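A short write-up of the structure that comes next.
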Amino acid sequence: MNFKSPFTRLTFAVLFATFFATAAGRFVTLTDAGSACVGWPSCVPVDALGWLALGHRFAVGLAIAAMLWLLRTAWRNYREEPVLLPLTTVVTTLYFGQSLIGATQTLSGYPLHLRVLHALTALSLWIGLAALAYVSAVRSPQPKEYPAVGFRQRALDFLTLTKPIVVLLLLATTITTFLAGWGGWPPLSLTLYTLLGGALAAGGSSALNQYIDRDLDKHMQRTQNRPLAAGRMFPAEGLAFALALCLMSYYVLASLVNLTAALLSLAGIIYYVILYSVLLKKATTQNIVIGGGAGAIPPMVGWAAATGRIDLVSILLFALVFFWTPPHFWALAIVRRQDYARAGVPMLPVVRGEAVTRRQIWIYTLELVAVSFLLPLFQLTGTIYLVSAILLGLWMVWGAWRVWKQEGNKVAWQMYRWTSMYLLFIFVAFMVDRMV
């Protein structure tokens, strides 16, 4: 072990700065000094306890500066490090999450779920810092100089990791259900926090998916130019970026929206990354069917952000997206069949053939349309949604019929595009119906 490397010394400096800030924060909690220092980030202390609380915030600021320097050093000189870079990024994110929780608690009256999250984050932060100090001492990595890459290309690569088109579609289902659940125009701040948390969760999940599939993506024409597959970015960078986004999404939603929305978003991340990307994608032709649940969670997040609960409406919206997923992605899989075959992904058209896939698209489309009528059947929507569901359903049935009866990629590609528009239109109709 080498404790003389510059990065190791910097890590220990951060460790001590964090310890001091944490100890001061503990005294603030035990003495309730926060009540004597109202406001954020600064205040006018009225007594000794107020000065203690203000000193804690100053210590936090110093620790933040040290943490940012550590993060900058890791991303500048240790981009290839498979453990050090992600761990540094996670530790920094945890610290900022801890700071966000602390600020939110001060302004919201210390709710129980934030106190628990604050304690769990503190524990995770200390474990992470200790692990980082150990790893840096054991590996003693030497700083490296990397070829300069233009800021525009670098930013575009990170944006590509998030799959922005997918994020926008998921945010569309989130914001429409959020507005519908609110029943009017909600506060702008809550709207922005909901969208930010949803975008971070979707983008982080997508980046983790690309990290997991980086070798597979090299064999597919559609994905071979992605940053990790093309080698423009080190795997450690992709993993670090993805983990940071996922953690930030939970802190934003839990601190600034509500606990139900945060837990649902976290469930969606775990569903997509673990259940779909790791376990199902390469194991079964039903990967898309079962994995569709991940993309069906954002509407539940939007509804929970507005109402704070899970109820029949959000469950039926989940079902709508769940049954929408197979016709949407199987239509794409028909077009990209050779890509999936080269990559060894057991998509339905690769394993069972196009004829079976086209018939399954027809069957699932009928089920999708049937599910879309459950909302008015349970009297949860009105005339605007019902008329829209009928017209859009007829459109989907016609598109699926053409896919079933006509061979070739043209109708399959058209179905893929139509299903994307259908999902947007049906959720807009639901939003308008609930708000009018």
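Sequential numbering from 7 applies to the sequence shown in this note's numbering. C-beta: ideal position from N, C-alpha, C; glycine also. Everything numeric in this text was worked out from a predicted model, so none of it was measured.
Is it buried or exposed, residue i, if we count other Cβ atoms within 10 angstroms and call 16 or more buried?
| i | result |
| --- | --- |
| Leu185 | buried |
| Trp368 | buried |
| Lys169 | buried |
| Trp309 | buried |
| Thr389 | exposed |
| Tyr282 | buried |
| Glu243 | buried |
| Ala376 | exposed |
| Ala22 | Reading off the sequence shown, one finds Phe at residue 22, where the question assumed Ala. Classification for Phe22: exposed. |
| Lys287 | buried |
| Gln412 | exposed |
| Arg342 | buried |
| Trp404 | exposed |
| Leu318 | exposed |
| Tyr346 | buried |
| Gln344 | exposed |
| Ile218 | buried |
| Ser378 | buried |
| Ala154 | exposed |
| Val122 | exposed |
| Asp53 | exposed |
| Arg82 | exposed |
| Gln366 | buried |
| Leu400 | exposed |
| Ile133 | exposed |
| Phe384 | exposed |
| Ile171 | exposed |
| Gly156 | exposed |
| Arg364 | buried |
| Ala235 | buried |
Can a CB atom of chain C be found closer than 9 Å to the CB of residue i?
| i | result |
| --- | --- |
| Asp163 | The chain inventory of the structure shown lacks chain C, comprising one protein chain alone. |
Roughly how far, in whole angstroms, is the beta-carbon of residue i from the beta-carbon of residue j, given that I think they are within contact range, below 8 Å?
| i | j | result |
| --- | --- | --- |
| Thr24 | Ala69 | 5 Å |
| Arg348 | Met226 | 7 Å |
| Ser255 | Ala207 | 4 Å |
| Ala213 | Val173 | 11 Å between Cβ atoms; not a contact. |
| Ala361 | Val327 | Contact flag wrong, Cβ pair sits at about 27 Å. |
| Leu77 | Leu16 | So it is not a contact: roughly 10 Å between Cβ atoms. |
| Trp188 | Ala268 | Not quite, the Cβ-Cβ distance comes to about 18 Å (not below 8 Å), so this is no contact. |
| Pro304 | Gly274 | 7 Å |
| Thr110 | Leu120 | 6 Å |
| Arg315 | Thr266 | 6 Å |
Looking only at its own chain, which residues have a Cβ that is under 8 Å from the Cβ of residue i, when we skip the five neighbours before and after it?
| i | result |
| --- | --- |
| Pro382 | Gly388, Tyr391, Leu392 and Ala395 |
| Pro192 | Phe184, Leu185 and Ala312 |
| Gly61 | Ala30 |
| Glu373 | Phe329 |
Who are the near neighbours of residue i in its chain, counting only those whose CB is closer than 6 Å to its CB and skipping five residues on each side?
| i | result |
| --- | --- |
| Gly103 | Thr127 and Tyr257 |
| His124 | Ile107 |
| Met239 | Asp163 and Pro233 |
| Met437 | Thr182, Leu185 and Ala186 |
| Gly297 | Tyr282 and Leu286 |
| Thr14 | Ser142 and Ala143 |
| Pro88 | Ala242 |
| Phe64 | none |
| Ala325 | Val377 |
Apart from the five residues on each side of it in sequence, which residues of its chain come closer than 7 Å, Cβ to Cβ, to residue i?
| i | result |
| --- | --- |
| Gly190 | Met441 |
| Leu90 | Ala80, Tyr84, Val141, Ser142, Arg145 and Pro147 |
| Leu138 | Thr17, Leu93, Thr94 and Val97 |
| Met73 | Val20, Thr98 and Tyr101 |
| Thr371 | Pro333, Met402, Val403 and Ala406 |
| Leu270 | Ile303, Met306, Val307 and Ala310 |
| Leu398 | Tyr428, Phe431 and Ile432 |
| Tyr199 | Val258, Leu262 and Val263 |
| Leu202 | Val258 |
| Ala418 | Ala337, Ile340, Val341 and Val409 |
| Ala300 | Gly274, Tyr277, Tyr278 and Tyr282 |
* Would you check if there are 3 or more beta carbon pairs closer than 8 Å linking the stretch 326-341 to the stretch 420-439? => Contact between the stretch 326-341 and the stretch 420-439 is present: 3 or more CB-CB pairs across the two stretches fall below 8 Å.
* Mind the definition here: the stretch 151-168 touches the stretch 245-254 only if three or more C-beta pairs lie below 8 Å; say whether that holds. => They touch, by the three-pair rule.
* To do: Count the CB pairs spanning the stretch 229-242 and the stretch 256-275 that are closer than 8 Å, and state whether there are at least three.
  => The way I'd put it, the stretch 229-242 doesn't touch the stretch 256-275; fewer than three beta-carbon pairs between them come closer than 8 Å.
* To do: Could you tell me whether the stretch 175-183 touches the stretch 138-150, using the rule of 3 or more Cβ pairs below 8 Å?
  => Not touching, per the Cβ criterion.
* Asked: Counting Cβ pairs closer than 8 Å, one from the stretch 277-293 and one from the stretch 119-135, do we hit at least three?
  -> Touching, no, given that fewer than three Cβ pairs across the two stretches are closer than 8 Å.
* Asked: Is the stretch 286-295 close to the stretch 352-362, with three or more CB pairs under 8 Å?
  -> Between the stretch 286-295 and the stretch 352-362, the count of Cβ pairs shorter than 8 Å is three or higher; the stretches touch.
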